[in-house]
Every structure is written in C-alpha cells, then in structure tokens.
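Asks:
Residue numbers (the numbering used here): 918 to 1283.
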C-alpha cells in the first residue's frame, strides 16, 4: 500500500496522477462540491487494464486462468456422485482402481529408530530437520495406506462408509487430494495426479539424504516445512563461527547454475536450492538481474539459488529487490501463513516497480 498511497499524494509542487495515458487520467480532483467528485468518479472506466495498477499485461491472463479453475472446481463439485465414470466403468470400480494405483506407489515408512542410531549422538541442526521431516512423511504414508485400505473394504461391502471415507472416495473420483491427506502434507494446489508425482519426488530426496548425504542442492518444495531447514542453516553457521543467533540472518544470491545437476558439490557456507519459480517478472541469465515478463509467460524457473547465512550488521543491499517466497501461487493468507522467506534479486529498476508488478517466488507450481 505504501507504493499506492504514499506521501507523494499530497505533493503540492507535482500534482499526483495515479495513472495517466492517452485514454484515461486518474488524478485527485481539486477541492470542490460533492457533485464534482461524483461526476469525476462516474467518468472513470468500469473496467481497467492491469497497467493501471502497475501490473504486467500477463496479470490479466493469470486472473482469467484462476477464474476458469474456480469455475471448473465448482462444476466438478456439482456433478453427480453416482453412475459411470468417463471410462465406462462404474463409479465404485473407478475409485477402487485409483485407490489401488495409489497404494501400489506408496513406499514403506522410514525406520526412524534405525536412522537415529546410525546418526549417533552428535547431530547437526539440519539432521534434526531431516528426522522431523521423516516423522511427518511417515504419518502421511500411514494415513494414506490406512484410509485406502479401509476404503477398498468399504467398496467391497465389508465395512460401513463413514463420512471420512466418503470424502476420500469423492476426492479420488474427482482427481483431488483427500482432506485427511492434505492436512498432513505441505500446502499445494496440485491435482491428485500431479501431487502423487510430487510425493514420489519427496520420497526420493528423503531417501537420498538418509542413505547417502545431505543433497548438494536442496529441493525446497520437497520439504514439509522448508523454513525450518533454513533456520537450521543459520544455527549451524552460528555454531561454527561463534555468531549470536539473534543477530544473524540469510542472504541469497542467484547462481550461474541453470540446473541442479550442474552443481557437483555442496557449498562451504549455506546451501544451494532449486525449484523456485519467478512470478511477475523474468530473469536475465546473462546480466543476472530481473527483467519484465515475456508475453504469455506467467512463471519462469529461477536458476539455482545460493542461500548464505550472514551476520545482520554485514548485510548491505544495493540495487536489490527482496522478493517474498511463498509455498503456492495463492501466496499467503490473512494470518501470514504461506510465506517461507525473502530472496534477494538484483535489479536495475526501482524496487517500487517490482512491488507493483506483484513479483514473488513460489515453491510449488499449480
């Protein structure tokens, strides 16, 4: 709001124009009677282009895309929950097939006691995060396996269909994530099919971390609570260098590595992360700074990002836009849930330009 409603509104030497082009001029009318203000308001167009609010024209595409998704979601909820599926088989058979397919993809839970013993007593802060992540992942696997097994028995008539099982069945039929699974998983807007791909990728990263070593490039989207991993990085660096924890923070730098596979070893300080998507702007790979979005390109994957713990008093940012990093494209709710951290992105424009463009990074594509 500071970019829209700053002190510049009351500048007497330079009249304020919210937006001005050849067709429309948004300005504050001079003092006058009420009718003057009403007439001016009624003269304004009923619909505005994204440029009026400082947004890129792509914002309109994103708006209508989201509106279409919402409409489709409501139509799916309204469709009959009986009869045949689009493949010609009965609803119960279709749900049973989906349930079995998901069951076949479920891995065995991680043996936490065995993993703890192998790690020993002196473990790092990031290893503590790993154990917490595995515990949450195990809860999700157990809940999925139990609910799908009970659902198959209910479809066979062996047990009654509870409201919880009915929600699981409806979600599987509509290609959505059941609410009892969603509560045990990271925030996402993905469909069931894409979510299962994401689920399997999470398992692979956890397995690699347990059986080999901490990944040289961390896929942040694969963590249930990614901010806990970033906090652990700061803790580890503070222990190593003797810094006070409350006077340390994080700084980020976009690397030259375009893909995670290009990185062969871990950085000596902090970590490399990948899987971040830039929304509202583009990234110039040669000049290494923010640029306007290309037409019809709503998101762009950012190159590998280096996250560096640093003492707060040493952090001096110039020509840098601090972009918020969110879990999903829904960004955050009124309580602030959804914000992970802030990433420092180089810019040759004033930061207000990117603020009005709504620039951010997201960890999960839809």
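All C-beta atoms in this analysis are idealised placements derived from N, C-alpha and C, irrespective of residue type, glycine included.
What is the DSSP secondary structure of residue 1196, counted as helix, strand or coil?
Replies: Residue state, collapsed to three classes: strand.
Asks: Rounded to whole angstroms, what is the Cα-Cα separation between residue 1112 and residue 1192?
Replies: Going by the C-alpha atoms only, they are around 15 Å apart.
Asks: Straight-line CA distance for residue 949 to residue 958?
Replies: The alpha-carbon atoms of residue 949 and residue 958 are separated by roughly 14 Å.
Asks: According to DSSP, simplified to helix, strand and coil, what is residue 995?
Replies: Three-state result, residue 995: helix.
Asks: Look at the Cβ atom of residue 1150, then the Cβ atom of residue 1143, and state whether they are nearer than 8 Å.
Replies: Not closer than 8 Å, so no.
Asks: Spell out the partners DSSP gives residue 1239 in its beta bridges.
Replies: Paired residue(s): 1261.
Asks: Among the candidates 956, 1270, 1020, 1259, whose CA atom is the shortest distance from the CA of residue 1171?
Replies: Minimum Cα distance to residue 1171 is reached at 1259.
Asks: Would you mind giving the Cβ-Cβ distance between residue 1132 and residue 1125, rounded to the nearest angstrom? I have them listed as a contact below 8 Å.
Replies: Correct: roughly 6 Å between the Cβ atoms.
Asks: Which residue or residues does DSSP assign as beta-bridge partners of residue 1135?
Replies: DSSP output for residue 1135 lists 1190 as bridge partner(s).
Asks: Using a Cβ-Cβ cutoff of less than 8 Å, which residues in the same chain neighbour residue 1278 once the five nearest sequence positions on both sides are dropped?
Replies: Same-chain partners within the cutoff: 1193, 1194, 1195, 1196, 1219, 1240, 1241, 1242, 1243, 1260.
Asks: Just curious, the alpha helix (DSSP H) that residue 1101 is in, first and last residue?
Replies: Unbroken run through residue 1101: none, as it is neither H nor E.
Asks: What do you get for residue 1164, buried or exposed, if any count of 16 or more other CB atoms within 10 angstroms of its CB means buried?
Replies: Label assigned to residue 1164: exposed.
Asks: Scan the segment 1140–1185 and note each continuous beta strand (DSSP E) run of 3 residues or more that stays entirely inside, going in chain order.
Replies: DSSP runs (the beta strand (DSSP E)) wholly in the segment 1140–1185: 1165–1171.
Asks: Going by beta-carbon coordinates alone, are residue 1282 and residue 1216 separated by less than 8 Å?
Replies: Cβ distance < 8 Å, so residue 1282 and residue 1216 count as in contact.
Asks: Run through DSSP, which three-state label would residue 1278 get?
Replies: The answer is strand: DSSP assigns residue 1278 an E or B state.
Asks: Within a Cβ cutoff of 8 Å, which residues of the same chain sit near residue 968, ignoring the five residues on either side of it in sequence?
Replies: For residue 968, where only same-chain residues beyond five positions count, the Cβ hits under 8 Å are 936, 938, 974.
Asks: Taking three-plus beta-carbon pairs below 8 Å as touching, is the segment 1071–1089 in contact with the segment 1043–1054?
Replies: No: fewer than three Cβ pairs fall under 8 Å.
Asks: Taking all protein chains shown into account, do 16 or more other C-beta atoms lie within 10 angstroms of the C-beta of residue 1119, making it buried, or fewer, making it exposed?
Replies: It counts as buried.
Asks: How many whole angstroms separate the CB atoms of residue 1141 and residue 1103, which I take to be in contact at a CB cut-off of 8 Å?
Replies: Yes, residue 1141 and residue 1103 are in contact; Cβ-Cβ is about 5 Å, under 8 Å.
Asks: Would DSSP call residue 1202 helix, strand or coil?
Replies: Coil.
Asks: Checking 8 Å against the spacing of the C-beta atoms, do residue 1187 and residue 1223 come in under that value?
Replies: Yes; because the gap between Cβ atoms is below 8 Å, this pair is in contact.
Asks: In whole angstroms, what separates the C-alpha of residue 1157 from that of residue 1225?
Replies: Straight-line Cα distance between these residues: approximately 14 Å.
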